[in-house]
Structure formats: C-alpha cells, structure tokens
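The next block holds one structure in the form of structure tokens; read it before the comments.
There are 2 protein chains.
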Amino acid sequence: MIILVDDEKKALMLEQVYIAEMGKYVGENVTLKGWVYNRRSSGNIRFLMLRDGTGIAQGVISKADVSEQTFELADRIPQESSAVVKGKIREDKRAPGGYEILVSELEPIQIAENYPITKKEHGTGFLMSHRHLWLRSKKQLAIMRIRNVIISACRKFFDSLGFLLVDAPILTPSAVEGTTTLFETDYFGETAYLSQSGQLYMEAAAMAFGKVYCFGPTFRAEKSKTRRHITEFWQIEPEIAFAELDDIMELAEKFVAYITEQVLVNRAEELKILERDTGPLENVIPPFPRISYDEAVDILNKEGSSFKWGDDFGSPEETLLSEKFNKPLLVHHYPAKCKPFYMKRDPQNPQLALAIDMLAPEGYGEIIGGSQREDDLETIKKRIEEHNLPQDAYEWYLDLRKYGSVPHSGFGLGLERTITWICKLPHIREAIPFPRLLEKCYP
Amino acid sequence: MIILVDDEKKALMLEQVYIAEMGKYVGENVTLKGWVYNRRSSGNIRFLMLRDGTGIAQGVISKADVSEQTFELADRIPQESSAVVKGKIREDKRAPGGYEILVSELEPIQIAENYPITKKEHGTGFLMSHRHLWLRSKKQLAIMRIRNVIISACRKFFDSLGFLLVDAPILTPSAVEGTTTLFETDYFGETAYLSQSGQLYMEAAAMAFGKVYCFGPTFRAEKSKTRRHITEFWQIEPEIAFAELDDIMELAEKFVAYITEQVLVNRAEELKILERDTGPLENVIPPFPRISYDEAVDILNKEGSSFKWGDDFGSPEETLLSEKFNKPLLVHHYPAKCKPFYMKRDPQNPQLALAIDMLAPEGYGEIIGGSQREDDLETIKKRIEEHNLPQDAYEWYLDLRKYGSVPHSGFGLGLERTITWICKLPHIREAIPFPRLLEKCYP
Numbered sequence: 001m002i003i004l005v006d007d008e009k010k011a012l013m014l015e016q017v018y019i020a021e022m023g024k025y026v027g028e029n030v031t032l033k034g035w036v037y038n039r040r041s042s043g044n045i046r047f048l049m050l051r052d053g054t055g056i057a058q059g060v061i062s063k064a065d066v067s068e069q070t071f072e073l074a075d076r077i078p079q080e081s082s083a084v085v086k087g088k089i090r091e092d093k094r095a096p097g098g099y100e101i102l103v104s105e106l107e108p109i110q111i112a113e114n115y116p117i118t119k120k121e122h123g124t125g126f127l128m129s130h131r132h133l134w135l136r137s138k139k140q141l142a143i144m145r146i147r148n149v150i151i152s153a154c155r156k157f158f159d160s161l162g163f164l165l166v167d168a169p170i171l172t173p174s175a176v177e178g179t180t181t182l183f184e185t186d187y188f189g190e191t192a193y194l195s196q197s198g199q200l201y202m203e204a205a206a207m208a209f210g211k212v213y214c215f216g217p218t219f220r221a222e223k224s225k226t227r228r229h230i231t232e233f234w235q236i237e238p239e240i241a242f243a244e245l246d247d248i249m250e251l252a253e254k255f256v257a258y259i260t261e262q263v264l265v266n267r268a269e270e271l272k273i274l275e276r277d278t279g280p281l282e283n284v285i286p287p288f289p290r291i292s293y294d295e296a297v298d299i300l301n302k303e304g305s306s307f308k309w310g311d312d313f314g315s316p317e318e319t320l321l322s323e324k325f326n327k328p329l330l331v332h333h334y335p336a337k338c339k340p341f342y343m344k345r346d347p348q349n350p351q352l353a354l355a356i357d358m359l360a361p362e363g364y365g366e367i368i369g370g371s372q373r374e375d376d377l378e379t380i381k382k383r384i385e386e387h388n389l390p391q392d393a394y395e396w397y398l399d400l401r402k403y404g405s406v407p408h409s410g411f412g413l414g415l416e417r418t419i420t421w422i423c424k425l426p427h428i429r430e431a432i433p434f435p436r437l438l439e440k441c442y443p
Numbered sequence: 444m445i446i447l448v449d450d451e452k453k454a455l456m457l458e459q460v461y462i463a464e465m466g467k468y469v470g471e472n473v474t475l476k477g478w479v480y481n482r483r484s485s486g487n488i489r490f491l492m493l494r495d496g497t498g499i500a501q502g503v504i505s506k507a508d509v510s511e512q513t514f515e516l517a518d519r520i521p522q523e524s525s526a527v528v529k530g531k532i533r534e535d536k537r538a539p540g541g542y543e544i545l546v547s548e549l550e551p552i553q554i555a556e557n558y559p560i561t562k563k564e565h566g567t568g569f570l571m572s573h574r575h576l577w578l579r580s581k582k583q584l585a586i587m588r589i590r591n592v593i594i595s596a597c598r599k600f601f602d603s604l605g606f607l608l609v610d611a612p613i614l615t616p617s618a619v620e621g622t623t624t625l626f627e628t629d630y631f632g633e634t635a636y637l638s639q640s641g642q643l644y645m646e647a648a649a650m651a652f653g654k655v656y657c658f659g660p661t662f663r664a665e666k667s668k669t670r671r672h673i674t675e676f677w678q679i680e681p682e683i684a685f686a687e688l689d690d691i692m693e694l695a696e697k698f699v700a701y702i703t704e705q706v707l708v709n710r711a712e713e714l715k716i717l718e719r720d721t722g723p724l725e726n727v728i729p730p731f732p733r734i735s736y737d738e739a740v741d742i743l744n745k746e747g748s749s750f751k752w753g754d755d756f757g758s759p760e761e762t763l764l765s766e767k768f769n770k771p772l773l774v775h776h777y778p779a780k781c782k783p784f785y786m787k788r789d790p791q792n793p794q795l796a797l798a799i800d801m802l803a804p805e806g807y808g809e810i811i812g813g814s815q816r817e818d819d820l821e822t823i824k825k826r827i828e829e830h831n832l833p834q835d836a837y838e839w840y841l842d843l844r845k846y847g848s849v850p851h852s853g854f855g856l857g858l859e860r861t862i863t864w865i866c867k868l869p870h871i872r873e874a875i876p877f878p879r880l881l882e883k884c885y886p
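Protein sequences appear in the order of chains A and B.
In terms of the numbering used here, the first sequence has 372 at position 372, counting the first letter as 1, and numbering is strictly consecutive.
Each number in the numbering used here comes from the position in the second sequence (counting from 1) with 443 added on.
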C-alpha cells in the first residue's frame, strides 16, 4: 500500500484541531475553528461553546488572560458566528467531552445576523424551510451520524457476502410499481420516468453476476401526506439468482439484525441524545416472527379491525400488526391481486403471491418489501398484459426469461423508514438531510 | 457482535457452491448453478463451460459417467441456457481458475432461445440496446468489478478521514451549473430540476458538520455526443469548512492516488482481462504536476493550438494537455468568466477564479473539478444577479453567508470518467451498468 489513510491531518493539512480530537492535545496550544453554539458568563469568566461538526468545545475566557477587546467580544458574539479560537487544552470532567480550552485568542471570521432558530419551540413548517440551518442542531447531527452508520452497514453486509453493487439507472423508460405515482421528464423528445425501484435492472444484473444489489435514490409522486411518506427516498435492493422466498426471508432477517447491531455498537451516544430506549433494538435478533397474510388478517379481525381479505395493508393495519410483536415481523404470501405484476404466484394457491413484507416493531410498519419473481416467459407476458403495461418498454425484461431464466428473488429496504424506526422519530422527514415532501421541494 | 458475516453460505443458505469457491471443495461432490457459457467436444468427452457471476467453471462430461440423455444434452444445450450441474471437483491447472468439475448430473432449468450476442463483432448500437445481456460478458463483468472497487475506495477514503456522508437531494428548485442543460419535472404543480451537482447542499452540510461528502447520481441534459458524456452519471463531492484551494489540491491528489492503488491491489485479474497496461497506473503517486491556467495556455499554443486565453478547455485541449504529463495533472486559477457563479475570485487577480481541474493522463481529460467557494454575502449576491439566476431559489444558500460564513472548498469527481480512464475504455458508456446517452434511455 502506498497510501494509508489513518491520520486526518496528514491527508487534509488543515491547520486546526477538530474538537472530537481535543483529548490528544492536552497541555498543548492549539487552534480550533468553528461556530459559536452558546455562551454564558460568570463573574470575570466567559464560557463560549464552540461547535465544529465533530463535537462541542467549552472555551474558557478569563478576563486576566485576554485583551479587553476579546473579553468584550466574548460577551456579545452572536450565536452561529464563525470564529478561530486559540488556547491551551486541559482536562475538565465538567466540560462536554471532558476537555476545555483556555482561550488566549478569539478571532471572529464572520459575525452572524440574528440566528432564526432559537431555543423556543419552532413549528415544523418553519424548521423545514430552514432545513439548511436546522441541520446544525445536536439532534439532527445525531440522526445524520446514525444514518451514516446504517448506510455503511448496508454496504458492508452485502459486500462481505460477495454481492456486486450494480447501480440502477434513475431515468427509465418503464414503470415498476404502477404508473399513477411517476415523476416524468422530457428526455430529448421522449418521456422518461424517475425510477421507483431498481428491481427490474437488478434482475438483469443477477442473471449476469449472480448476487447483486443497488443502493440509490428512488421516487414516488405519492399524494400521501403521512409520517411515512417522502417523495424521494433511498432504497437498497438485493437480487439473487437461484434464491427462493425462504432464502430472502432468511437474508432480510439477518440484514436488519446486522444494521441494528451496528447502530447499537457504534452510535450509543447518538441514541442517547435522541433519548432512544435501546431495549427494543437489542431485541432485534433472528429468528423474527413469521406469519402468513391469512394469519395477519385473523389477528386484525380479532383486534376489532374490519379489514377484509384481499385488501392491501395500509398504515393503520401495519401499525396494529407491528405493535403485536416485539421484533420485526415477516408477513408472507399476500393476495396476488394487491401485488405488482412481476411476483411469482404460489404454485399451491395461484391466488397468492410469493411475497414478503417486513414490518418494523413499535408501530413503525413496512421497511422491507420483496418477493420471488415470476420466471416463466409466457406467464410474465400475460401479467404485463393484465396490468396494461406497455409491452415495448419491457422487451428487455422479457429477454431475461428467454435466455437462461432461473428462479430468483429479491427485496428492497427503505432506508429512511429504517432510520425513522431505529431513531424512533415521529416523522420520516428528519431521516434524510434534505427531505422532499408533497408540495415541498425547498431548500 | 451478535452477527458476523464471514461465510456466504451461512447468511444465504443457498444449496449451491459458487464457482469462485470451488477450490475449497476439492474431492467433494457439489452442486453448481449457472449459465452455459460455451461448450466443446473431444471424442467421448464434452466440455461445458458454466458461468455463475463469480467465475467460469469447466465441466467435464465423460460418456462413460453419465446417462445417454445427459451426454446428448451436453452436445446441444444452447449458450446461456440455465442449468444445475452436479459432480466432483478436482484440481486441474489447465482449467480456468485451476479447478474443474467431473459432471455426474446435468439438469437444464431453461433452454435458451438463440442468444443474440455471438462471437462475431457486434455494432455498438446493437450491444447498447442489449445492454441487459451484454453485461454477462467477461469484459463487462471485469469493468463492473473494477467499478465496485472504485466506489468502495471513494467511500473508504472519506469515511476514514472523518467525513460525514450527507446525501444531496436529486429534485431541486435551483440550478447549479447553468440552466441550459437541465432535466425538469412537474413537482405537484411546480417545476423541479434533476440535480446537476450536490455542491450547494454540501456547502450547507459543511457549515453543520465540518467535513462532508455526497455520492449519488447527477444529471446533465447535454446534447454532446462525445466519448466523455453520459446524461446520468455518479459524482462524489467532498466539501470542507475552513479548507482553501491548496488544501483541496492536496486532498484531490491523495484521493485519486488511493483509488488507483486500490484497483491495482484488488483487481489485478480484471485489469488483465481488459488488457490494461498497468504501468501508467502504477505511476499515479503524489505529488502530481500542477500548472496554472496561464501555463496551460502557453503549452497549448506552443503545441500549435490556436486556443485563446479566457476560453474554457474543450475535449481537444484537455486531451492535448493530459497527454503531456505521465500523471494526473492539476490545472488551477481559471479565468472567472468561464466558471460558475459560486467560485471565489483570486484576491491577487479578480479576473481569476480559485478553481482547479484534474485531468487524467493518457489523454483522458477532466475527472475532477473544484474550487474555493465565495464566502462573502454581498459578493455572492452580485454574482447571482450577474448570472441571471433566480434569487428566491438561492435564499437558503445566501443564509450560509449570513450565519457564520467561513472559507470553504470542495470538488467533484466524476465516477464514470474515472472508471473510463482506469480501465482505459474507448467510451464512457461501458463504465456504468445502464448508460443513458443522448436519445438513448433503454433498456
């Protein structure tokens, strides 16, 4: 190896110490750079809290140690002003992070205007239109750091199992999940759609590479205004040649357990900031309960729901079911008529599709949807017809059934729904840096 | 750790051995599953080459060992038919991969129709419209496996340096790189654009988290039909608070060296399949040559080009420049008028922007573009006006200059251009699984 990346300063050459690394510099004079998070005063001492994205440092400004100007600045420098702070680092158990800096110099870079996000409660609409600033808050940073670990865990899981990452295209000529919720664009005179799922492409890739996955943004122009819907969301979609329904149930279970474990192991502090009770997460260990759609309907009816066999579960049903179990729940064998064209029917009962959903516990509902795929050419042709889909756009997809068709299965995990559940957020909009909601495409 | 993913079979439970792992099962009876890649006969022996995405296995079918039916099948089973092959594995240095399987059973799953991709030369148009099948070829698999390593290397590089991955939105209200090359879509009655770059969002994120990057698909509706253009391509875009032009030159250099090294170390076999001369790649070690735009113009003019100061480099200029050096080349300080509004001007000479490009060697041209960003509120307001951009859409971006503005810099690396160069491909379209080209959005 010619290059080993193990020292931040070596590769970045920045002349600053990051707050998360203060502990390495006890007794040394260093330069911190960041933004004023908070300040308070006590007699001849001013405390300045500085954040830099890696942590929050307590700066101690003693009237005796600094110029009159600096001391006066420390009294009035507004929140979110940017500044360079120089001084000596010392241990102090009472300081956040366990260290503080005895400030000798405080040099403002830019004095901030009145920061719009204050300590008082803000309405969601206000926070959402200030998302670019809201991200600076402690809680949002914690969520983003958990998101980061979940994304890494997804990739690590499939990479270590020998899956090949195959990026699916976003611009597509065909619709996977029905045509009513598509964003469309003019593609040099033709109509192209924003992908709702990479699945069909993953089927092609699985026939080439065996085990594959994609992980990218997908789009649904859904007019739903619920706490579970955003129009742009990331999905991770594995697809496996020669895998059948049981194989992907097994895989989905291990996958979700692995993700949860990685968050517990690597993001304990962030879960604490979010006041997330970790008990339910520690319980996410295979095997997960598995029930058929029929059994799920029985449970719903016993609970007093008037839900009818043959309908698809909505949010109320998912919530009710997922609250009945203390682990993620696998529901399998759905009525074929409420599922997409590409799902294989159960040979024992052609009214049923070889489909699975995984519902997150604590009322969070669906995080995974998957199925064994129809692999017979004539059957899939018939389904495309029945669903009134344009045969031309699917010619290439039919080829997969002409040239070495094999049993194959896959699923998609919704990244933001998973984050929402793991962080126990009240709404999915906080699970993605810049959420896109119905009538909300700003900033 | 409750779950450790170190055994493919453990997590997948598939009753098959993958070809890449045959060496672990010498002397054992196993089941392989895959597609017929090729076959030939020699007296009473038939050789069946089976591919499964992890490798190609030689199956040896001896007339004495199998039923008459099986032997006859081995004589006529068409290319790309899917099949289950059972038999004993033995070492054989002449076999691809060093092992072969003595077939006792050959069970077809689906007999393929006449496979359209044959050994004869096919035109590009034909291969492109059969991309879903073309991916099955050895060379395309090698490219995709190199792509995979490059993607992992990008993430590993920034993750290990403490950068936070912050996904930028695809649907955006504003245009980063000018408005002429935008794909647009109706967003519940308003117009939204497909992102050309995540940069502006990364600037917001850098003010929140210090060091960030995004890595996702971006879009340019460019009408260029060159070997360097696709309309949908992936970009990795780091952005760093408090970093200046020199810092990102340093970082870009180490980043590209790291990627190249990772490919050399982990994908030697694939580079061989592509007949890629690795000499030029082994040379990609920092420091890279650095020249100013002015110097670049001198070189061009000395080489007989009539290129004029103030114009932007096109493909011919980039090719000429990058062929003059045997390492990636950093060009810095471009004329401000040919660069976007957000770049900071050189305080020494306001005609120049604090911009860098990195040109890949061997004539491949630009793979990285970056700059220090304008951080002064009044200046950036003026630029937005000068560029006739809609001020409303940039309100949030201006906020970043009101609340703790700091010097900051970043760059974007074009993933597919990097792959094209590292694999030494003749055209960028082979660097992505499902390329989107001018007038080509299929499959």
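Cβ atoms here follow ideal geometry from the backbone N, Cα and C, with glycine treated the same way.
Please read all numbers here as calculations on a predicted model, not as lab measurements.
Within 10 angstroms of its Cβ, does residue i collect 16 or more other Cβ (buried), or is it exposed?
i         : result
CYS214(A) : buried
GLU239(A) : buried
LYS697(B) : buried
TRP752(B) : exposed
SER333(A) : The amino acid occupying residue 333(A) in the given sequence is His; Ser does not appear at that position. Buried is the call here.
ILE728(B) : exposed
ASN429(B) : Nothing about residue 429(B) can be reported from this structure: the residues present for chain B run from 444 to 886 only.
VAL503(B) : buried
GLU203(A) : buried
PRO435(A) : buried
VAL103(A) : buried
ASP357(A) : buried
GLN642(B) : buried
PHE477(B) : The displayed chain sequence assigns Gly, not Phe, to residue 477(B). Result: buried.
ASN591(B) : buried
CYS338(A) : exposed
GLN262(A) : buried
GLY566(B) : exposed
ARG537(B) : exposed
Residue i bridges to which residues according to DSSP?
i         : result
ASP800(B) : VAL774(B), GLY812(B)
CYS214(A) : GLU237(A)
ASP789(B) : ASN792(B)
ASP629(B) : THR634(B)
THR231(A) : In DSSP, THR231(A) forms no bridge with anything.
ARG663(B) : None, per the DSSP bridge assignment.
Output, in chain order, the set of chain E residues within a Cβ distance shorter than 9 angstroms of residue i.
i         : result
GLU107(A) : Although the question refers to chain E, the structure presented lacks it and instead comprises the protein chains A and B.
Quiz prompt | Segment contact, 8 angstroms Cβ cut-off, at least three pairs: the segment 602-620 of chain B with the segment 224-240 of chain A | solution = yes
Quiz item: Residues in the segment 498-527 of chain B with C-beta within 7 angstroms of chain A's C-beta atoms, listed in sequence order?
Solution: GLU523, SER524, SER525
Exercise. List in chain order: all unbroken alpha helix (DSSP H) runs of 4+ residues lying wholly within the segment 272-324 of chain A.
Key: 279-282, 293-302, 315-323
Quiz prompt | Contact list for the segment 162-175 of chain A against chain B, Cβ threshold 8 angstroms | solution = GLY162, LEU164, LEU165, VAL166, ASP167, ALA168, PRO169, ILE170, LEU171, THR172, PRO173
Practice problem: Could you name the residues of the segment 711-742 of chain B whose beta carbon sits closer than 7 angstroms to any beta carbon of chain A, in the order they occur along the chain? | Solution: ILE728
Self-check item: Proximal residues, the segment 467-480 of chain B versus chain A, C-beta separation under 7 angstroms
Solution: Residues of the segment 467-480 of chain B with a Cβ closer than 7 angstroms to any Cβ of chain A, in chain order: LYS476, TRP478.
Exercise. Taking 8 angstroms as the threshold, find out whether the segment 156-165 of chain A comes into contact with the segment 182-193 of chain A through three or more Cβ pairs.
Key: no
Practice problem: Determine, using beta-carbon pairs with one atom in the segment 122-135 of chain A and one in the segment 83-91 of chain A, whether at least three such pairs fall under 8 angstroms. | Solution: Taking 8 angstroms as the limit for Cβ pairs, the verdict is that the segment 83-91 of chain A does not touch the segment 122-135 of chain A.
Exercise. Closer than 9 angstroms, Cβ to Cβ, to anything on chain B: give me those residues from the segment 138-154 of chain A, in chain order.
Key: GLN140, LEU141, MET144, ARG145, ARG147, ASN148, ILE151, SER152
Self-check item: Start-end ranges of the alpha helix (DSSP H) lying completely within the segment 99-139 of chain A, minimum 4 residues
Solution: 124-129, 131-134
Quiz prompt | Near-chain A residues of the segment 789-814 of chain B (beta-carbon distance less than 7 angstroms), N- to C-terminal order | solution = For the segment 789-814 of chain B, which is checked against every Cβ of chain A, not one residue is closer than 7 angstroms.
Quiz item: Taking one C-beta from the segment 842-849 of chain B and one from the segment 817-827 of chain B each time, how about it: are there three or more such pairs within less than 8 angstroms?
Solution: yes
Practice problem: Select from the segment 401-418 of chain A all residues with a C-beta closer than 7 angstroms to any C-beta belonging to chain B, and list them in chain order. | Solution: LYS402, TYR403, GLY404, SER405, VAL406
Quiz prompt | Short-range partners of chain B found in the segment 204-217 of chain A, where Cβ spacing is below 9 angstroms | solution = ALA204, ALA205, ALA206, MET207, ALA208, PHE209, GLY210, LYS211, VAL212, CYS214, GLY216, PRO217
Practice problem: State whether the segment 17-37 of chain A contacts the segment 79-86 of chain A, with contact taken as three or more CB pairs (one from each stretch) at a distance under 8 angstroms. | Solution: yes
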